[in-house]
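**Q**
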């Protein structure tokens, strides 16, 4: 008894050790892949899958590698591997490897991947990296070659605030009668007049302080009349206004419209001016103004303009139709908001006959249709979803790692278009949208989260390998208001923001005619100069910085006709530059050129293009067609 009482811990330890199954004092080993992922070129020949055993087990350790269904690559076609492979570690051996042949096929396809898990361990635990994803970088799919039908050539860049840390020329309008640019300068809150008689040497004329009127958000020109959209300077949830000026910047009239007018434009005949009334909420979401389209009748002349000439075409008639709108792809997501409160008009395009306007409502994934004869909203067209699992619709979805993988994943995207333009072919009006994407981020309501967040729970039936999806693209930002289809608290579908594309729609029906798929990322990733800063932000040169967000973020779009051909110009806000396509055939657009003059080593050049202004040759001071993106002036032409 005395001997036992002197060593009580020794006996307890022996019992516990045996209870763990180690009758002979063996310490179990720990198994894990040496890396969570790896990337190989399609012509690499083979890829080595390596598993490490740590610890000092005295018995032979066994386990299996098993292929999972988290894959776009096919065994037997893209790589060669059995469904399960046995691993054996005799005492003293720390690694076992599997050499997997990679098949260099001739298919032009997105990057692909397969994945393996460690299963069925004997005499060891799987406590390290339990799975590995192997990416296969395709070497057959090439970006389309530019047709070179026309060419954008840099004339000059003009700063409307020389020497300042910040300057703003987000929206620019042109007046042929004066050969001047009219610039919405939001940093200085001014309307800047610029002499554009020599496009290669723009010169400042005047800067009109607007602080007494409001805060400028947009500008448009018709003949010698200038219209500015002005947010309320006291509080943006209060009504804003439209200010009208003559060619020299003298105030002629001002009328009140709704909260936060975000874009202003004239009808082709100048008889009306329209403003997108965004109606963004307060940060605490206690005030959420209704969105609308302001329609100002100018037929009586600017001298007699009064508040009676203003109509707000709103969405109250759709408040009872929320379920139908949502079923048709319209997004109504703010907590407790009516349809009218939730709608946030952003950008406007008007038909050539001036009878119809189409208005993007970005956060709502919709385009509203306005009847300009009766000044009412007559339809709200849902843009629907983009399936990133389909061929030609891949994306680089993470900012982790150095390799670019434009690949397919079981996720979807809402188009959430920003700018919109229109043109006609054969009597049919087509719409072009820049599918930037956007989130709602307010103090009281944020609708985005990262896919890899712990509380972003994936439905296990819909995503049986959800942990691998999170490991692959967990940095991707998603919308938390979408995807819980059965309302049980987890996500049955995953929705990202934006289409990373431009889309052509039928203006009458809202039907999708063409989407550029993953072409924007494919072109920028393979660009001989700007591929080095693929998906960089506008304020840095780190590649892939925006891959987890919205990629290149196409924001601005404009159209123009040259030699009977219609071209679209697309501004990429993040990496910068302008994409040019011939869209004369709306079903089969042709890539013409990608041009960018930012630096790849410093934060210089024309950064973050947003608004685009096309000046046709017959209105141009030089006689050549011009494109003015943001604060830079570019000249392009072919045999012009």
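Numbering (the numbering used here), first residue to last: 1 to 640.
Ideal Cβ placement from N, Cα and C applies to all residues, glycine included.
Is residue 93 buried or exposed, if buried means 16 or more other CB atoms sit within 10 Å of its CB?
**A** Taking the chain shown and counting its residues from 1, the one referred to as residue 93 is at position 93. Classification of residue 93: exposed, given that the 10 Å Cβ count is below 16.
**Q** Going by other Cβ atoms of all chains shown within 10 Å of its Cβ, with 16 needed for buried, is residue 81 buried or exposed?
**A** By 1-based counting over the chain shown, the position of residue 81 is 81. Residue 81 should be labelled buried.
**Q** Identify which residue in 481, 452, 480, 465 has its Cα closest to the Cα of residue 474.
**A** By one-based count along the chain shown, residue 474 stands at place 474. Checked all of 481, 452, 480, 465; the closest Cα to residue 474 is 452.
**Q** According to DSSP, is residue 316 helix, strand or coil?
**A** Position 316 of the chain shown, counted from the start, is the residue given in the question as residue 316. The answer is helix: DSSP assigns residue 316 an H, G or I state.
**Q** Please return the same chain residues whose Cβ sits closer than 7 Å to the Cβ of residue 547, not counting the five positions on each side in sequence.
**A** For the purposes of this step, residue 547 is identified with residue 547 of the chain shown, where counting begins at 1. The answer, listed in chain order, is 396, 397, 398, 399, 535.
**Q** Quick one: Cα of residue 114 to Cα of residue 95, how far?
**A** As a position in the chain shown, residue 114 is number 114, starting the count at 1. As a position in the chain shown, residue 95 is number 95, starting the count at 1. Straight-line Cα distance between these residues: approximately 21 Å.
**Q** What's the gap between the Cα of residue 656 and the Cα of residue 374?
**A** As displayed, the chain neither begins before 1 nor continues past 640, which places residue 656 out of reach and without an answer.
**Q** Rounded to whole angstroms, what's the CA-CA distance from residue 518 to residue 500? Just pull it up for me.
**A** Counted from its first residue, the chain shown places residue 518 at position 518. Counted from its first residue, the chain shown places residue 500 at position 500. Cα-Cα distance, rounded: 7 Å.
**Q** Determine which residues share a DSSP beta bridge with residue 514 and list them.
**A** Here residue 514 corresponds to residue number 514 of the chain shown, with the count starting at 1. Its beta-bridge partners are 504.
**Q** Please name the residue or residues paired with residue 219 in a DSSP beta bridge.
**A** Taking the first residue of the chain shown as position 1, residue 219 is located at position 219. Beta-bridge pairing links residue 219 to 228.
**Q** Under the three-state reduction of DSSP, which class applies to residue 132: helix, strand or coil?
**A** As a first step, residue 132 is located in the chain shown; it is residue number 132 there, counting from the start. In this structure, residue 132 counts as strand in the three-state DSSP scheme.
**Q** Would residue 54 pass as a contact of residue 32 if the rule is Cβ separation under 9 Å?
**A** Residue 54 sits at position 54 when you count from the first residue of the chain shown. Residue 32 sits at position 32 when you count from the first residue of the chain shown. Yes, Cβ-Cβ distance for residue 54 and residue 32 is below 9 Å.
**Q** Report the residue from 328, 275, 287, 470 whose alpha carbon sits nearest the alpha carbon of residue 310.
**A** Locating residue 310 in the chain shown gives position 310, where the first residue counts as 1. Selected option, being the one with the closest Cα: 275.
**Q** May I have a chain-ordered list of the beta strand (DSSP E) segments no shorter than 3 residues that lie completely inside the segment 455-501?
**A** You should have 477-479, 495-497.
**Q** Here's the rule: buried if 16 or more other CB atoms are within 10 angstroms of the residue's CB, otherwise exposed. What is residue 639?
**A** For the purposes of this step, residue 639 is taken as the residue at position 639 of the chain shown. With a pLDDT of 30 at residue 639, under the threshold of 50, the modelled position of that residue is not reliable, and no figure is offered here.
**Q** How long is the line joining the alpha carbons of residue 246 and residue 611, rounded to whole angstroms?
**A** In the chain shown, the residue the question calls residue 246 occupies position 246. In the chain shown, the residue the question calls residue 611 occupies position 611. Going from the Cα of residue 246 to the Cα of residue 611 covers about 22 Å.
**Q** Got a sec? Which residues, its chain only, sit under 6 Å from residue 267 by beta carbon, not counting five neighbours each side?
**A** Working through the chain shown from its first residue, we reach residue 267 at position 267. Cβ within range, chain order: 350, 354.
**Q** Ends of the beta strand (DSSP E) at residue 119?
**A** On the chain shown, residue 119 is found 119 positions in, with the first residue counted as 1. 112-122 is the extent of the beta strand (DSSP E) around residue 119.
**Q** Using the beta-carbon count (16 or more within 10 Å), is residue 120 buried or exposed?
**A** Here residue 120 refers to the residue found at position 120 of the chain shown. Answer is exposed; the Cβ neighbour count stays below 16.
**Q** Cutting at 6 Å between CB atoms, please list the residues of its own chain near residue 226, excluding the five before and the five after it.
**A** Position 226 of the chain shown holds residue 226. Once the five neighbours on either side are set aside, the close Cβ partners of residue 226 are 182, 245.
**Q** Given a threshold of 16 other Cβ atoms within 10 Å of its Cβ, counted over all protein chains shown, does residue 618 qualify as buried or as exposed?
**A** Residue 618 sits at position 618 when you count from the first residue of the chain shown. Result: exposed.
**Q** Between residue 594 and residue 582, is the Cβ-Cβ spacing less than 9 Å?
**A** Here residue 594 refers to the residue found at position 594 when the chain shown is read from its first residue. Here residue 582 refers to the residue found at position 582 when the chain shown is read from its first residue. Cβ distance not < 9 Å, so residue 594 and residue 582 don't count as in contact.
**Q** Please confirm whether residue 569 and residue 523 have their CB atoms less than 9 Å apart.
**A** Translated into positions along the chain shown, residue 569 becomes position 569. Translated into positions along the chain shown, residue 523 becomes position 523. For residue 569 and residue 523, no; Cβs fall outside 9 Å.
**Q** May I have the straight-line CA-CA distance separating residue 284 from residue 337, to the nearest angstrom?
**A** Your numbering for residue 284 matches position 284 in the chain shown. Your numbering for residue 337 matches position 337 in the chain shown. Approximately 13 Å between the Cα atoms of the pair.
**Q** Just to confirm, are residue 487 and residue 416 a CB contact at a threshold of 9 Å?
**A** Position 487 of the chain shown, counted from the first residue, corresponds to residue 487. Position 416 of the chain shown, counted from the first residue, corresponds to residue 416. Their beta carbons are not under 9 Å apart, which means residue 487 does not touch residue 416 by this criterion.
**Q** If you count every other CB in all the chains shown that lies within 10 Å of the CB of residue 286, and 16 or more means buried, which is it?
**A** Residue mapping note: residue 286 aligns to position 286 of the chain shown, counting from 1. Under this definition residue 286 is an exposed residue.
**Q** Using alpha carbons as the reference points, say which of 390, 363, 427 lies closest to residue 448.
**A** Walking along the chain shown from the start, residue 448 turns up at place 448. Comparing Cα positions, the closest option is 363.
**Q** Distance, Cα to Cα, residue 135 vs residue 38?
**A** Counted from its first residue, the chain shown places residue 135 at position 135. Counted from its first residue, the chain shown places residue 38 at position 38. One C-alpha to the other measures close to 6 Å.
**Q** Give the secondary structure of residue 16 by DSSP, where H, G and I count as helix, E and B as strand, and everything else as coil.
**A** For this step, residue 16 is matched to residue 16 along the chain shown. Residue placement at residue 16 is poorly supported in this model, since its pLDDT is 31, which falls under 50; the coordinates are not used for a value here.
**Q** Can you name the start and end residues of the alpha helix (DSSP H) that residue 526 belongs to?
**A** Taking the first residue of the chain shown as position 1, residue 526 is located at position 526. Looking at the DSSP string, the run of the alpha helix (DSSP H) that includes residue 526 is 519-526.
**Q** Residue range of the alpha helix (DSSP H) that residue 342 falls in?
**A** Numbered from 1 along the chain shown, position 342 holds the residue referred to as residue 342. Counting along the chain, the alpha helix (DSSP H) containing residue 342 begins and ends at 339-342.
**Q** Just curious, the beta strand (DSSP E) that residue 414 is in, first and last residue?
**A** Looking up residue 414 in the chain shown gives position 414. Start and end: 412-414.
**Q** Specify the secondary structure class of residue 243 as computed by DSSP and reduced to three states.
**A** On the chain shown, position 243 is the one that residue 243 refers to. Residue 243 falls in the strand class under three-state DSSP.
**Q** How would you call residue 288, buried or exposed, if buried means at least 16 neighbouring beta carbons within 10 angstroms?
**A** For the purposes of this step, residue 288 is taken as the residue at position 288 of the chain shown. Burial call: buried.
**Q** Can you tell which of 125, 249, 216, 394 has the C-alpha that lies nearest to the C-alpha of residue 111?
**A** Numbered from 1 along the chain shown, position 111 holds the residue referred to as residue 111. Cα-wise, what sits closest to residue 111 is 394.
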